[in-house]
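Visitor:
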Amino acid sequence: MFNFNAGPATLPAEVKERARQKGFDPSLSVMEMSHRSPEYEAIHFGTKDKIRQVLNLPEDFDILFLQGGASLQFAMLPMNFLTPGKRAGYVITGSWSEKAYEEASRIGDTYIYASGASEQYRTIPRIHSWEPEENTAYLHITSNNTIYGTQWYTLPESCHKVPVCADMSSDLFSRPVDWSKIDIAYAGAQKNAGPAGVTIVIIKKDWLEDAEQDIPKILSYQTHQKKDSLYNTPPTFSIYMTGLMMDWIQAQGGVDQLYKQNAEKASRIYSLMDHSQHFYQPHADKLSRSMMNVTFRLPSVELENLFLKHAAEEEMIGLKGHRSIGGCRVSLYNAVPPKAVDHLQDFMLRFMKKHS
Ligand code: PMP
Numbered sequence: 001m002f003n004f005n006a007g008p009a010t011l012p013a014e015v016k017e018r019a020r021q022k023g024f025d026p027s028l029s030v031m032e033m034s035h036r037s038p039e040y041e042a043i044h045f046g047t048k049d050k051i052r053q054v055l056n057l058p059e060d061f062d063i064l065f066l067q068g069g070a071s072l073q074f075a076m077l078p079m080n081f082l083t084p085g086k087r088a089g090y091v092i093t094g095s096w097s098e099k100a101y102e103e104a105s106r107i108g109d110t111y112i113y114a115s116g117a118s119e120q121y122r123t124i125p126r127i128h129s130w131e132p133e134e135n136t137a138y139l140h141i142t143s144n145n146t147i148y149g150t151q152w153y154t155l156p157e158s159c160h161k162v163p164v165c166a167d168m169s170s171d172l173f174s175r176p177v178d179w180s181k182i183d184i185a186y187a188g189a190q191k192n193a194g195p196a197g198v199t200i201v202i203i204k205k206d207w208l209e210d211a212e213q214d215i216p217k218i219l220s221y222q223t224h225q226k227k228d229s230l231y232n233t234p235p236t237f238s239i240y241m242t243g244l245m246m247d248w249i250q251a252q253g254g255v256d257q258l259y260k261q262n263a264e265k266a267s268r269i270y271s272l273m274d275h276s277q278h279f280y281q282p283h284a285d286k287l288s289r290s291m292m293n294v295t296f297r298l299p300s301v302e303l304e305n306l307f308l309k310h311a312a313e314e315e316m317i318g319l320k321g322h323r324s325i326g327g328c329r330v331s332l333y334n335a336v337p338p339k340a341v342d343h344l345q346d347f348m349l350r351f352m353k354k355h356s
């Protein structure tokens, strides 16, 4: 089976096999360990160290393991940093950034820094360097737009006064990150880094010191930082699996190598579509195309349905576009092997020949 799901997404066979052997030890599986035990602590802190290595993360950043998905971060971020008298600037590049913006607007004062809505979110707005309005608490972007299939290639130059936050749900661990341009990043593990359940939050330590204290303890970044993400029971098994994924990423040659492979996988599908005489119509403009989620339409909804049906018959699943926009979507996360792309490419060519 070739799994192109947008998330939860495919995991490498080696990682599942290792989990089967070690994670399900009949005498004491990872799921049954106390989160206060030395065995679990080794997994917990080991996973953190591995994430730091994989991401080449400078020491002035902390890594937190939280729950509630990126969706909770839409609310936690403003609760911690959007204090009265301040505003938060959001770049709207699709449905997830709309949601992040709406949630922050329920908590404090916000403004839209830039938006791609008038272009049906086909492009990432061009911002060379940040010029925030006065009293901006932070700026927020979505680095990869899972639903529309667009991605930031280069991040704007930092203005150093105002922190930049990135929802990296669907591209963290898929390419190198320039940490001089980001102050907080968050992502659920379920696309490039493991199963659902744990949300990885990466945050600059000195910024954490400014976080609001007068909020429920469980929603305070400082609470989780002070207790090393063991304030309450963490999602132990997901953290374990994320650790295995980090080992796997390193074994593939690290994020640099996966980045090359991801770019190559995506460019093969885009190139096929560009040579299809508009049979396959990519949603994203050329300069904003996502390497993670390739979204496209066929000439009719009937053909799209037939495409999905025939793909499923050839054991390719997860190609249906998000229900909010329709069409088709190929998700090409780290664990999607090049041979899955060979298979899909071959199928797309045959399907086009038959139906154009
Ligand atoms: N942001 C982006 C870019 C996403 O792709 C998703 C999930 N598809 C979310 C946020 C929401 O994540 P979660 O379901 O983990 O809350």
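So for the sequence shown, UniProt numbering puts the first residue at 1; every next one is plus one. Glycine included, each C-beta is placed from N, C-alpha and C at the ideal position.
Whose beta carbon lies closer than 6 Å to any heavy atom of the ligand PMP, going through the chain in order?
Guide: Going by the Cβ distance cut-off, the answer is G7, G69, A70, S71, W96, T142, T146, D167, S169, S170 and G188.
Visitor: V294 and P282 look like a contact to me (Cβ under 8 Å); what is the Cβ gap, rounded to whole Å?
Guide: About 7 Å separates the two Cβ atoms, so the contact holds.
Visitor: Hey, quick one: how far does the beta strand (DSSP E) through Y90 stretch, first residue to last?
Guide: Residues R87 to I92.
Visitor: Tell me which same chain residues have a C-beta within less than 6 Å of the C-beta of Q73, skipping the five on either side of it?
Guide: Result list for Q73: Y186, in chain order.
Visitor: In the DSSP assignment, what are the bridge partners of F296?
Guide: Looking at the DSSP assignment, F296 forms a beta bridge with P282 and C328.
Visitor: Can you give me the start and stop residues for the alpha helix (DSSP H) that L272 sits inside?
Guide: Element bounds for L272: G254 to D274.
Visitor: Nearest CA to the CA of D183: which residue from K204, D171 and A193?
Guide: Among K204, D171 and A193, the Cα nearest to that of D183 belongs to K204.
Visitor: According to DSSP, simplified to helix, strand and coil, what is V15?
Guide: Helix at V15.
Visitor: Taking all protein chains shown into account, decide if N262 is buried (16 or more other Cβ within 10 angstroms of its Cβ) or exposed.
Guide: With 16 or more Cβ atoms within 10 Å of its Cβ, N262 is classed as buried.
Visitor: Given a cut-off of 8 Å on the beta-carbon distance, is the pair W130 and S158 in contact?
Guide: Yes, the pair counts as a contact, with Cβ atoms nearer than the cut-off.
Visitor: Which runs of the alpha helix (DSSP H), 4 residues or longer, sit entirely within the stretch 193-256?
Guide: Entirely contained in the stretch 193-256, the alpha helix (DSSP H) runs reaching 4 residues are, in chain order, 205-208, 221-226 and 236-251.
Visitor: Excluding five sequence neighbours on each side, which residues of the same chain lie with their C-beta closer than 6 Å to the C-beta of L11?
Guide: The answer, listed in chain order, is A335.
Visitor: Answer yes or no: do I249 and N5 have a C-beta to C-beta separation smaller than 8 Å?
Guide: Going by C-beta atoms, I249 is not nearer than 8 Å to N5.
Visitor: Among residues of its own chain, excluding the 5 on either side of I202, which ones have a beta-carbon nearer than 6 Å to its beta-carbon?
Guide: Closer than 6 Å at the Cβ level, and outside the excluded window around I202, lie F61, I63 and A185.
Visitor: Would M245 be called buried (16 or more neighbouring beta carbons within 10 Å of its own) or exposed?
Guide: By the neighbour-count rule (16 or more Cβ atoms within 10 Å), M245 is buried.
Visitor: Can you confirm whether the stretch 148-164 touches the stretch 97-114 when touching is taken to mean that 3 or more C-beta pairs between the two stretches lie within less than 8 Å?
Guide: Result no; under three Cβ-Cβ pairs closer than 8 Å.
Visitor: What does the alpha-carbon distance come out to for the pair G68 and I200?
Guide: Rounded to the nearest angstrom, the two C-alpha atoms are 11 Å apart.
Visitor: Less than 8 Å between C-beta atoms, sequence neighbours within five positions excluded: which residues of the same chain meet that for C328?
Guide: Contacts found: T295, F296, R297, L298, E304, F307, L308, L319, K320 and G321.
Visitor: Please name the residue or residues paired with H140 in a DSSP beta bridge.
Guide: The partner list for H140 (beta bridge, DSSP) reads Y90 and C165.
Visitor: Helix, strand or coil for Q151? Go by DSSP, reduced to three states.
Guide: Note: Q151 maps to strand in three-state DSSP.
Visitor: Under a three-way DSSP split, which group does E314 fall into?
Guide: Of the three classes helix, strand and coil, the one that applies to E314 here is coil, per DSSP.
Visitor: Let me know if F2 comes out buried or exposed under the rule of 16 or more other beta-carbons within 10 Å of its beta-carbon.
Guide: Under this definition F2 is a buried residue.
Visitor: Classify E157 as helix, strand or coil using the three-state DSSP reduction.
Guide: E157: strand per DSSP, three-state reduction.
Visitor: For S229, I'd like the list of residues in its chain whose CB is within less than 6 Å of its CB, leaving aside the five on either flank, ordered along the chain.
Guide: Cβ within range, chain order: L64 and F65.
Visitor: Return helix, strand or coil for D62, following the three-state DSSP convention.
Guide: If DSSP states are grouped into helix, strand and coil, D62 belongs with the strands.
Visitor: Output the boundary residues of the beta strand (DSSP E) element that contains D109.
Guide: From DSSP, the beta strand (DSSP E) with D109 extends over D109 to S115.
Visitor: How should Y153 be labelled, buried or exposed, when 16 other C-beta atoms within 10 angstroms of its C-beta is the threshold for buried?
Guide: Burial call: exposed.
Visitor: Confirm, please, whether the CB-CB distance from A189 to V198 is below 8 Å.
Guide: Taking 8 Å as the Cβ cut-off, V198 and A189 qualify as a contacting pair.
Visitor: Let me confirm a value: Y113 is counted as buried when at least 16 other C-beta atoms fall within 10 Å, else exposed. Which label applies?
Guide: Classification for Y113: buried.
Visitor: Do you know offhand how far E59's Cα is from A100's?
Guide: So the two alpha carbons sit approximately 28 Å from each other.
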